[in-house]
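Encoded as structure tokens, the structure appears first; notes follow it.
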Amino acid sequence: MKKKSSIIKLSIIGVILIIGLVFSFIPMNFGMTTFKSFARTIKLGLDLKGGVYAVYEMAETENTSEISSRMEGTRTRLENLLVNKGYTEATVVREGDTRLRVEVPDVDEPSKIFDIIGKPAELKFVLDGNTVLTGENVVSAKPGYDNESASYVVQLSLDSAGAAAFREATKEENRGKTISIITTVDGEDTTISSPTINDQIVNGKAIITNMESQEVAQNLADQITSGQFEVKLSLLESSTISPTLGERALMLGLIAGIVGLVLVMVFMCIIYRMFGGIASLSLMLYTVLMLFLLAVVPGVQLTLPGIAGILLSIGMAVDANVIIYERIKEEYRNGKSILASYYAGFKKAFWSIFDSNITTIIAGVVLYFFGSGSVKGFAITLLIGIILSMFMALVVTRGIIKWVLHINSTNPKLYNLKRGKGFENIEADKTDAQIEERERLEQEEKAEKRRQKEAEKAKKEGGAANETV
Amino acid sequence: MKLSNLLERDFKIVEKRKILYIVPAAIVVLAIIMGIIFQFTLGSAVNLGMDFTGGYTVEVELSTKLTDDNYDSYASQIEDIFENLSDDDGNKYGLKVSSMQKQGSGETAAIYVRYQSVKEEKGVDTQSLMENEINVKLIEELNELFKITPSAVSYDGGKVTATYLEVISDPVLEDIKNNILAFSAENSLGITESDITRSADSAAVVTVNAQIAEEIKAAFAKALDVPEYGRAEQGEMISATVSNELLTNAILAVALAIVLMLVYIAFRFEVSSGVAAIIALMHDIIIMFAFIVIFHIEIGSTFIAALITILGYSINNTIIIFDRIRENHKSPLNKNLTAAQVANRSVKETLLRSINTTITTLIMIGMVAIIGVPSIRVFALPIIIGLLAGTYSSICISPSIWASWKGYLEKKHKKIPYTEKAPTENTQSN
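For the record, the sequence lines run as chains A and B.
Per the working numbering, the very first residue in the first sequence carries number 16; after that it's consecutive.
Per the working numbering, the very first residue in the second sequence carries number 158; after that it's consecutive.
Now the structure itself:
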């Protein structure tokens with residue numbers, strides 16, 4: 016029975032892997048829509064795919080005092096703006112004294128972002144003809160959705176001076192008056208909204224409501240952000256740029272990955288035989304899932320070092336397998352049956368794998384939240400790799416080993432297992448009857464618990480239904 | 158000796174720790190010495206790339222002449238000019254292209270080249286050298302590249318035949334005509350447009366019906382040159398791509414990550430394990446730096462990525478061994494063992510795992526280094542060093558630090574007498 020169901024489960028895994036491989040690498044047409052393969056959907060960095068560039072020049076009206084430090088400040092803000100939009104691999108460099116050169120990899124509509132940055136919006140909040148707040152008081156502007164007004168909004172967080180001014184403006188006496196929120200783009204004033212003061216706002220947060228769409232909110236937020244730049248910029252030129260390394264580098268990287276992967280699988284099969292086969296299966300699954308996640312997780316822009324990092328993470332994903340198999344070998348050496356060795360070995364390996372991965376995840380999370388630019392981007396890739404490899408080792412590989420052992424757990428040679436001194440004559444499946452009995456009991460216990468839960472749930476729902484009547 | 162034999166023997170990692178500590182110490186000392194030598198001979202101890210230093214740019218405007226097909230040939234010609242640029246005495250400046258990109262399309266198509274300043278030298282104003290001499294020469298030579306010059310000019314009585322290396326297109330012919338007519342007007346030669354024809358047999362040959370006096374032949378030949386639709390233009394100086402902010406943030410983030418990892422390890426294991434793991438981590442990163450300094454490898458923004466990768470790898474490696482130490486230390490079977498013996502046994506029990514994992518990771522990153530393009534090698538090499546350092550520190554350094562710490566505590570509390578020369582342990586607990 017078990018043997019049969021295990022074969023079925025393994026076949027399912029095999030089919031999933033094949034489907035995954037097909038979807039990862041082969042583009043397909045479904046009727047009218049073309050489905051790009053996952054590997055092709057992954058966003059690539061400037062070195063591999065190129066992108067677009069723009070040169071901004073300081074507006075002529077700017078005075079030039081302390082220009083160097085102000086340009087540097089603008090450079091930093093512009094870089095942060097791009098990272099917030101998900102372009103972690105974008106670069107901003109100063110060109111001469113009064114220009115900034117921005118390069119953004121792999122974008123769909125470059126003109127959009129560049130235009131917005133080149134058209135900074137000056138912001139002011141006006142009450143009774145007096146300006147209470149300007150864009151200079153804004154620490155950050157982000158798009159959002161406000162449930163109360165059921166509209167898209169721009170959320171502003173204010174600096175301490177701005178917060179104090181806003182608190183003063185929204186005080187009790189002014190209740191019922193309106194505040195006009197006015198933006199100035201290219202010298203043209205637009206009153207975006209004129210909310211009525213209902214409550215005193217003390218937390219230094221202001222929102223601009225009634226944006227038509229998420230996109231409009233995002234654009235205004237970007238314009239307000241660029242309105243705070245120390246130096247006002249105007250777009251000088253923008254166009255496409257080719258990759259610095261290009262297709263060849265990408266191809267060679269992929270070839271290196273495939274050759275490396277095959278060699279690792281061969282190595283594992285030689286050292287651990289059937290277990291090596293299992294490791295190879297889970298490695299391929301890992302690779303397919305990794306490609307899938309890289310394609311769907313936002314903020315991933317793969318550069319050549321990123322690819323090398325992923326290849327390394329494949330090497331490291333094997334680590335969990337090695338740890339588990341070495342443990343199983345050790346347990347078997349000391350006289351346990353194959354199945355018993357698997358249970359004991361996995362149990363002991365579990366915390367080892369868990370702790371080492373959690374520690375690395377801590378590092379990844381910190382680098383993601385506190386790093387800037389490309390460090391942030393690299394941290395995302397690192398995190399995807401570790402979390403996935405942990406999941407593969409502790410859930411998927413575990414399942415696969417179990418199923419394989421259900422098919423054959425009597426032949427130690429198949430798994431390259433050897434008895435240690437003094438245990439040579441113990442049968443490979445000596446205690447299996449006991450383990451199977453325990454497994455059966457565990458299964459029954461689980462089933463019993465599930466039944467109980469369902470019964471309770473049914474009871475509750477029945478009760479709830481009664482109450483509403 | 159077979160590996161299995163090695164595993165049967167006793168391990169004395171902790172006892173031999175002083176020797177094992179010397180290896181990385183020696184590497185660091187060597188790096189310091191090399192750093193000092195490079196500081197004096199090459200001007201800087203570390204070789205910082207364009208990502209960190211910024212530099213100059215040149216825009217080679219080729220307009221519609223530039224296509225995806227001929228980009229590579231233009232790129233390699235430009236690279237040659239940079240690398241072979243030399244002063245009046247024929248000494249190469251040692252200029253190197255940092256990156257090249259095709260920029261724009263159609264009329265605005267150009268090749269955008271970034272390059273670093275020549276290395277600082279004592280007593281030389283590098284900036285002035287770059288701006289007043291090298292860049293000027295560079296632009297001159299680049300512009301030479303985009304000139305269409307006849308490979309042979311023959312004067313046969315009243316007919317001049319100019320043979321070019323490439324086909325003369327209509328607009329180029331137009332330029333040649335204009336050049337010659339201007340020259341004719343200057344020297345009153347009376348050449349008219351109908352005198353200038355492109356040969357019917359070969360589109361690369363242009364004939365001019367004119368009598369050219371010997372003394373103006375050289376000047377006339379110049380008129381046959383046409384600047385191709387290419388022009389090199391000096392761009393502005395550009396700043397570093399890796400900003401100070403990114404670096405400061407990265408350093409702060411790494412510091413915070415280390416503190417939090419220390420807290421986690423202290424919570425799940427022991428404070429001593431946490432400290433030992435962090436020392437191992439520092440060791441790996443320092444060794445990577447030392448390697449970079451010793452071989453004067455250029456540090457680019459990819460090096461930051463390499464450091465982060467090793468940060469994750471190193472801690473992973475150390476934790477696996479500490480997990481075994483935790484298990485062996487707690488086990489009632491081992492209650493008579495000293496800390497040193499526990500550490501030795503744990504290293505031994507996890508050794509096969511350490512070796513196999515190092516092999517698989519080395520296979521993957523090694524392939525990248527062997528097959529990949531040069532710029533990826535710059536990334537892969539420090540990682541390989543980091544991997545080896547990580548394996549070394551997790552086997553030879555961090556367990557010993559833990560054992561020394563524990564041993565010190567044990568001695569202090571007189572729980573178990575700790576001796577340097579522990580009795581030979583019984584390796585099989587069953």
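Where a beta carbon is used, it is the ideal one built from N, C-alpha and C, also for glycine.
It should be emphasised that the depicted structure is a prediction, and the values quoted were computed from it without experimental measurement.
Check, Outcome
"Residue interval of the beta strand (DSSP E) (run including residue 319(B))", "316-321"
"Chain-order list of residues whose beta-carbon lies under 7 Å from that of residue 407(B) (same chain, five-residue window excluded)", "461"
"N- and C-terminal bounds of the alpha helix (DSSP H) containing residue 279(A)", "262-287"
"Any chain B beta carbon closer than 8 Å to residue 370(A)", "yes"
"Secondary structure of residue 102(A), DSSP reduced to three states", "coil"
"Chain A residues whose Cβ lies nearer than 7 Å to that of residue 461(B)", "390"
"Which listed residue (172(B), 285(B) and 208(B)) has its alpha carbon closest to that of residue 255(B)", "208(B)"
"Backbone secondary structure at residue 45(A) - three-state DSSP", "strand"
"CB contact below 8 Å: residue 65(A) versus chain B", "yes"
"Cross-chain neighbours of residue 273(B) in chain A, by beta carbon under 8 Å", "Result: empty, since nearest Cβ-Cβ is about 13 Å, beyond 8 Å."
"Buried or exposed by the 16-neighbour rule on C-beta atoms within 10 Å, applied to residue 440(B)", "buried"
"Simplified DSSP state of residue 304(B), which is helix, strand or coil", "strand"
"Residues in the region 233-259 of chain B having any Cβ partner in chain A nearer than 8 Å", "256, 257, 258 and 259"
"Contacts that residue 379(A) makes with chain B (C-beta to C-beta distance below 9 Å)", "414, 465 and 469"
"Reduced DSSP category for residue 219(B) - H, G, I as helix; E, B as strand; rest coil", "coil"
"CB contact check: residue 320(A) to chain B, cutoff 8 Å", "yes"
"Of the listed residues 411(B), 278(B), 410(B) and 431(B), nearest to residue 420(B) (C-alpha basis)", "431(B)"
"Residue-chain proximity (residue 334(A), chain B), Cβ-Cβ < 8 Å", "yes"
"Contact under 8 Å by Cβ, residue 212(B) with residue 303(B)", "no"
"Endpoints, alpha helix (DSSP H) assigned at residue 548(B)", "531-549"
"Listed by chain order, chain B residues near residue 240(A) by CB distance under 9 Å", "Within 9 Å Cβ-Cβ: nothing; residue 240(A) doesn't reach chain B, min ~16 Å."
"Cβ-Cβ distance between residue 190(A) and residue 212(A) below 8 Å", "yes"
"Residues that residue 224(B) contacts on chain A, provided the C-beta gap is smaller than 9 Å", "Neighbours of residue 224(B) on chain A: none; closest Cβ ~12 Å, over 9 Å."
"Near-chain B residues of the region 42-64 of chain A (beta-carbon distance less than 9 Å), N- to C-terminal order", "61 and 62"
"Backbone secondary structure at residue 250(B) - three-state DSSP", "coil"
"Candidates 186(A), 259(A) and 353(A), of which the one nearest residue 133(B) by Cα", "Missing from the structure shown is residue 133(B); chain B here goes from 158 to 587 and no further."
"Burial state of residue 400(B) (16 or more Cβ within 10 Å)", "buried"
"Cβ-based burial, residue 174(B) [other Cβ within 10 Å; buried from 16]", "buried"
"Residues of the region 525-549 of chain B whose Cβ lies closer than 7 Å to any Cβ of chain A, in chain order", "525, 528, 529, 530, 532, 533, 536, 537 and 540"
"Distance, residue 231(B) Cα to residue 332(B) Cα", "22 Å"
"Beta-carbon proximity check, residue 454(B) vs residue 227(B), cutoff 8 Å", "no"
"Distance, residue 257(B) Cα to residue 271(B) Cα", "6 Å"
"Of the listed residues 283(A), 38(A) and 396(A), nearest to residue 514(B) (C-alpha basis)", "283(A)"
"Backbone secondary structure at residue 225(A) - three-state DSSP", "strand"
"Members of the region 417-434 of chain B that neighbour chain A once the beta carbon cut-off is set at 7 Å", "417, 418, 421, 422 and 425"
"Segment contact flag, the region 304-322 of chain A with the region 288-296 of chain A, C-beta cutoff 8 Å, min 3 pairs", "no"
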